[in-house]
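Please read the structure below before turning to the comments.
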Amino acid sequence: MAFIVTFVNDRLKFWAFHTQGLFHFSLKTLLSLVRQPFYVTETLEQMYLIGVGSLFLVALTGIFSGQGFALAFSQELATFGAKDYLGRIMSIAIVRELGPTLTGLMVAARVSAGITAEIGAMKSSNQIDAMLAFGIDPIKKIARPRLISLIVMMPVLTIVCDLVALLGGWIIGIFIANVSSTMYWSSVLYKLNYGNMLMGMVKPIAFSFIIAFVSCYLGFTSQGGTKGVGRATTNSVMMSSITILIVNFIITKTLGPMIKGYL
Amino acid sequence: MIELRGVSFSYWDKPVLRNVSFRVHESEMVVIMGPSGSGKSTILRLILGLETPQAGQILIDGQNICAMRERDKQEVRKRIGMVFQDGALFDSMTVGENVGYYLLEHTHLSWQEISRRAAEMLGFVGMSPDEVGDKLPEELSGGMRRRVAIGRALLSTNPNVMLYDEPTTGLDPQMTENVLELITKLHEERQIASVIVTHQIADALEVADRFVVLHEGEVAFDGSLEELRASTDQRVMSFLGPFRESWARVARKKFIAL
């Protein structure tokens, strides 16, 4: 019994410590956004690595998800004689929900693992301490460029994912569901309103903060050499993905009623 | 110059250092020795202000680094050069970029000027800039990495104190000799105070003016080579034990001279 109490006590302390640590780290990273020096080269490099590097993965995810989604719904809609509504459903589902979430999950899997592993390896080889010894703030030098890059590139990647998924739906509509091209695109545009687009853009920005904070924090706090870096990387992907799914629901639930008139 | 006063430090609830006090004077070379896990490297991290002790003071030129804000610590660090274990070179940069890193970050010098100074520094630490300047750290041997790290620390901050964390660990005898020669040369030519952390007793005997022996986070000994040799402290004797038995056979210049 005493063992269980000690175990639970230790786990609670551990979680409280890391929640506090993550909050403190996030605050420091946010404050660094307005403090000099600005590392423009590093930021542009990260934008390339995160944006261009994830483009193929996001596009691939978008096209197959869009096609799968369109295929499933076109069959169901056909039974009601409502297959012309395929575009509307695709527009709502992809732009508002699936596009941002899938992009968030894909980028979390690819980018957050990379960020945590890179920072963790730097930490275990004392490179972070060396930076501090030379008067360089690792948050400004390492975390901030990644945060800015994610804030810029996540919405771009989400738009790419949305477009490719809608294109996938169009292919299914034309060749399998027998929906005319004009009907599909006019139906898509009908639901491509300000409300859906706003929600589709707020989410990737929120996800970019989650990915940057979680992956950088776990990298900076990784311990235990290569094994510790591996553990931190796994935790980074897991924590980012779960948080993205939870935050996605919270945004839909809270922002939806607020912009109801525009949906 | 550097003074530790009653410093105690713990990682979580695990005590690492207990009431540690000693001084490093100007132009002095002090070696901190002790078995693995005795808290040697932690002392260097505390001196640099990378960690904050739970009790005690660390005075650098009379200023307590423990009570400073991060911004002020940076100013103090500019007077201290640190050579980390294995060099801690930035692995995504070339050797030349590593050596000129501080100038690149903190000055407005042209890249040509930084390259020139980095090449000069590589020459000072006994390396050919043409041969190694464009290589990545992973392409260098352990000894070469340490020398690049020493060059980087020197060019970075023009320090009046150098801290070395296990500078010869894992090196072959020839490389060990080269690195120790460089440390001695630096000490003699530039009159830079040095603190070396090592568990390699023979290397310590070769270069140090004074010795601090740590045992389970406490200072077990602080004194000269003669005093170390005469020490009857059980903790010191147990650390030096295997070495003392073979002292007569160890061909180390300073020791043989005694």
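Chains as they are written, first to last, in our numbering: chain A, 1 to 263; chain B, 1001 to 1258. In this text, a Cβ means the ideal position worked out from N, Cα and C, and glycines have one as well.
Residue pairing by DSSP puts GLY1081 (chain B) in a beta bridge opposite B:MET1162.
Around GLN1200 (chain B), no beta-carbon contact reaches into chain A at under 8 Å, the shortest distance being about 19 Å. Taken through DSSP and simplified to helix, strand or coil, LYS1073 (chain B) comes out as helix. Beta bridge pairing from DSSP links ARG144 (chain A) with no other residue.
Within 7 Å of the CB of MET1082 (chain B), the CB atoms of chain A belong to ALA133, in sequence order along the chain. Within a 10 Å sphere around the beta-carbon of THR158 (chain A) sit 16 or more other beta-carbons, which makes this residue buried. Rounded to whole angstroms, the gap between the alpha carbons of LEU147 (chain A) and PHE209 (chain A) is 7 Å.
In this structure, ILE1002 (chain B) sits near VAL1161 (chain B), with a CB-CB distance shorter than 9 Å. Residues of the region 121-150 of chain A with a Cβ closer than 7 Å to any Cβ of chain B, in chain order: SER125, ASN126, GLN127, ASP129, ALA130, LEU132, ALA133, PHE134, GLY135 and ILE136. Proximity of LYS1135 (chain B) to chain A, defined by a Cβ-Cβ separation below 9 Å, is not satisfied. With contacts defined as CB atoms closer than 9 Å, ARG1190 (chain B) and PRO1167 (chain B) fail to qualify as a contacting pair.
Taking a beta-carbon distance threshold of 9 Å, HIS1106 (chain B) counts as an interface residue toward chain A. Judged by DSSP in its simplified three-state form, PHE1009 (chain B) adopts strand. With the rule of 3 Cβ pairs closer than 8 Å, the region 1077-1084 of chain B counts as touching the region 1148-1160 of chain B. DSSP places GLU1138 (chain B) outside any beta strand (DSSP E), giving it a letter other than H or E.
In the three-state reduction of the DSSP assignment, SER1041 (chain B) falls in the helix class. Rounded to whole angstroms, the gap between the alpha carbons of ILE142 (chain A) and PRO100 (chain A) is 25 Å. Its chain contains LEU77 and SER187 as the residues whose beta carbon lies nearer than 8 Å to that of TYR85 (chain A), once the 5 sequence neighbours on both sides are disregarded; these appear in chain order. Between the region 1100-1109 of chain B and the region 1060-1073 of chain B, the count of Cβ pairs shorter than 8 Å is below three; the stretches do not touch. Between LEU105 (chain A) and SER241 (chain A) a beta carbon distance of about 6 Å is seen, short of the 8 Å cut, so the two are scored as contacting. In the DSSP secondary-structure assignment, ILE1060 (chain B) is bridged to B:ILE1002 and B:GLN1063. Among the residues facing chain A, ASP1222 (chain B) is not included, as its CB has no counterpart in that chain under 9 Å away. Residue pairing from DSSP places ALA1055 (chain B) in a beta bridge opposite B:SER1008.
Its chain contains LYS140 as the residues whose beta carbon lies nearer than 8 Å to that of ARG35 (chain A), once the 5 sequence neighbours on both sides are disregarded; these appear in chain order. Note: ASP1222 (chain B) is bridge-paired with B:VAL1212 in the DSSP secondary-structure output. DSSP, read as helix, strand or coil, puts MET1033 (chain B) in strand. Bridge pairing for PHE1022 (chain B): B:LEU1004 [DSSP].
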